[in-house]
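Below: the structure, in structure tokens.
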Amino acid sequence: MVFYERRSILVLFIGLLLCITIWRASQPQLVPTTELTLRYGLPQQNASTPMGITTLLTTLEDLQPGDRHKLIDLVNFRYIIEQRSCNELHVQPLVLILVHSAPGNGIKRNLIRRTWGRDDVRARLLFLLGTVAQPSMQEELLRENEMYGDLIQGNFIDAYRNMTYKHAMALKWFTYSCPEAHFLLKTDDDVFVNSPTMFDFLDNGVDRRRLVACYEVQGARVKRSYRSKWRVSTKEYAEKYYPTYCPGFSIIYSPDAVWLLYREAQRNPYFWIDDVHVTGTLVQRTNMTITPLNPLFLTRPQMNSIVNGRLNATSSLFFFTIPDLKEHEIVTLWKIVTER
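Remember, our numbering sits 64 above the position in the sequence shown when you count from 1.
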């Protein structure tokens, strides 16, 4: 009888160990900081090349006549709300952060201002907007900009199919107003950026040559169904598959990559899916390649595990989350990364 009891206890113990092993194997794993460069091939600065020098010499004179007032096919482009250029600042930013934001998303902008986008001498944070139909909304934006001084508004309608104008405006503003920055981060207002960790890494030797770094998507099929929000006709895009591209929620550009993509955007027809157009088609046409950062993006299960305390984030590294985060998730993540 004792023998059977002991055997039952042993079987239960082995079963428990097996369950724990399976559970731990199924948990999302983050990237250890020390393995970041070796495992994922992030380009490192060549010791013989100073960080302030890029291999491509560029001047505004290389652009087409009248380029300053042109945005792809808009020939009367201008800024309704504008900000000082970076050379007017006391300290030049390591990273210019340009956030795509809808005019009505003031709550999301305030959340970013008090969490991952709060003041840091290494970065400059600005929000990109289009025009609005309601005068009352425009008055609210003017008041918001008077308070924070961080809005840039172009004279195109802020609409989903105008996102490529907004992306091109980001490239334009960097080119004309902040080429001194070492990097451009283009992101969205529903994403969490682990800004302290990202700044530390970018400030320690990442090569600033032809860099387009993001969550890489390969082999995406063009949607033709009329039921799809992403439907694209064969007249708009003839191929069955999109080129490899970066989803627009978080992309790191080097200055020369910004220049090449901006110049190419100004020369090519408009296509309304901005991330496919800029980081897919235009990256191909400029003979650049994407540096994939997929392991540095938190998936939804990983983020849920961190927020709920099931996964320790203090010994691992991530730069970004996927989009569509809720306010409490961003606040919790910010608390975690700043208390490391």
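Ideal Cβ positions, reconstructed from N, Cα and C, are used throughout, including at glycine.
* To do: Would you be able to state if there are at least three C-beta pairs under 8 Å between the region 282–290 and the region 203–221?
  => no
* Asked: Which whole-angstrom value describes the C-beta separation of Pro387 and Asp183, a residue pair presumed to lie in contact below a C-beta threshold of 8 Å?
  -> Here residue 387 corresponds to residue number 323 of the sequence shown, with the count starting at 1. Here residue 183 corresponds to residue number 119 of the sequence shown, with the count starting at 1. Actually they do not touch by this definition, with Cβ atoms about 24 Å apart.
* Asked: Shortest alpha-carbon distance to Thr195 belongs to which of Pro167, Tyr334, Ser314, Val185?
  -> To locate residue 195, count along the sequence shown from 1; it is residue 131. It is Pro167.
* Residues bridged to Leu158 by DSSP? -> The residue labelled residue 158 in the question sits at position 94 within the sequence shown. Answer by DSSP bridge pairing: none, since Leu158 is not bridged.
* Asked: How would you call Asn258, buried or exposed, if buried means at least 16 neighbouring beta carbons within 10 angstroms?
  -> Taking the first residue of the sequence shown as 1, we reach residue 258 at position 194. So Asn258 ends up on the buried side.
* Quick one, which of Val322, Leu357, Val270, Gln217 has its alpha-carbon nearest Gln147's? -> For the purposes of this step, residue 147 is taken as the residue at position 83 of the sequence shown. Comparing Cα-Cα distances from Gln147 to each of Val322, Leu357, Val270, Gln217, the minimum goes to Gln217.
* Opposing strand residues paired with Gly218 [DSSP bridges] -> Walking along the sequence shown from the start, residue 218 turns up at place 154. Answer is Tyr143.
* To do: Report the three-state DSSP secondary structure of Ser369 (helix, strand or coil).
  => Numbered from 1 along the sequence shown, position 305 holds the residue referred to as residue 369. Reduced to three states, the DSSP call for Ser369 is helix.
* **Outcome for Val340 when other beta-carbon atoms lying within 10 angstroms are tallied against a minimum of 16** => Sequence index remark: in the sequence shown, residue 340 carries index 276 (1-based). It is buried - the Cβ of Val340 has at least 16 other Cβ atoms within 10 Å.
* **contact_flag[the region 154–164, the region 229–245] where n(CB pairs < 8 Å) is 3 or more** => yes
* Leu189: first and last residue of the uninterrupted beta strand (DSSP E) it sits in -> As a first step, residue 189 is located in the sequence shown; it is residue number 125 there, counting from the start. Per DSSP, Leu189 belongs to the beta strand (DSSP E) from 187–195.
* To do: Report the partner residues of Cys278 according to the DSSP bridge assignment.
  => As a working note, residue 278 is residue 214 in the sequence shown. Answer is Ile315, Pro356, bridged to Cys278.
* Asked: Do you know offhand how far Thr396's Cα is from Asp252's?
  -> Locating residue 396 in the sequence shown gives position 332, counting from the first residue. Locating residue 252 in the sequence shown gives position 188, counting from the first residue. The alpha-carbon atoms of Thr396 and Asp252 are separated by roughly 18 Å.
* So, Arg327 versus Leu127, is the Cβ gap smaller than 8 Å? -> What you label residue 327 is simply residue 263 of the sequence shown in a count that begins at 1. What you label residue 127 is simply residue 63 of the sequence shown in a count that begins at 1. Yes, Cβ-Cβ distance for Arg327 and Leu127 is below 8 Å.
* Buried or exposed: where does Ser292 fall if 16 or more other Cβ atoms within 10 Å of its Cβ makes it buried? -> Here residue 292 is taken as the residue at index 228 of the sequence shown, counted from 1. Looking at its Cβ environment, which holds fewer than 16 other Cβ atoms inside 10 Å, Ser292 is exposed.
* Asked: Do Ala245 and Gln156 have their CB atoms nearer than 8 Å?
  -> Within the sequence shown, residue 245 is the residue found at index 181, counting from 1. Within the sequence shown, residue 156 is the residue found at index 92, counting from 1. In contact: Ala245 and Gln156 (Cβ atoms closer than 8 Å).
* To do: Name the residue from Phe141, Val281, Pro365 whose alpha carbon lies nearest to the alpha carbon of Leu375.
  => Taking the sequence shown and counting its residues from 1, the one referred to as residue 375 is at position 311. Among Phe141, Val281, Pro365, the Cα nearest to that of Leu375 belongs to Pro365.
* Nearest CA to the CA of Leu389: which residue from Leu153, Leu175, Ile221? -> Here the question's residue 389 lines up with position 325 in the sequence shown. Looking at the Cα atoms, Leu175 is the closest of the given residues.
* To do: Could you spell out where the alpha helix (DSSP H) holding Asp264 opens and where it closes?
  => On the sequence shown, position 200 is the one that residue 264 refers to. That run of the alpha helix (DSSP H) goes 259–266.
* Asked: Cβ of Asn219 within 8 Å of Cβ of Arg142?
  -> As a working note, residue 219 is residue 155 in the sequence shown. As a working note, residue 142 is residue 78 in the sequence shown. Yes, the pair counts as a contact, with Cβ atoms nearer than the cut-off.
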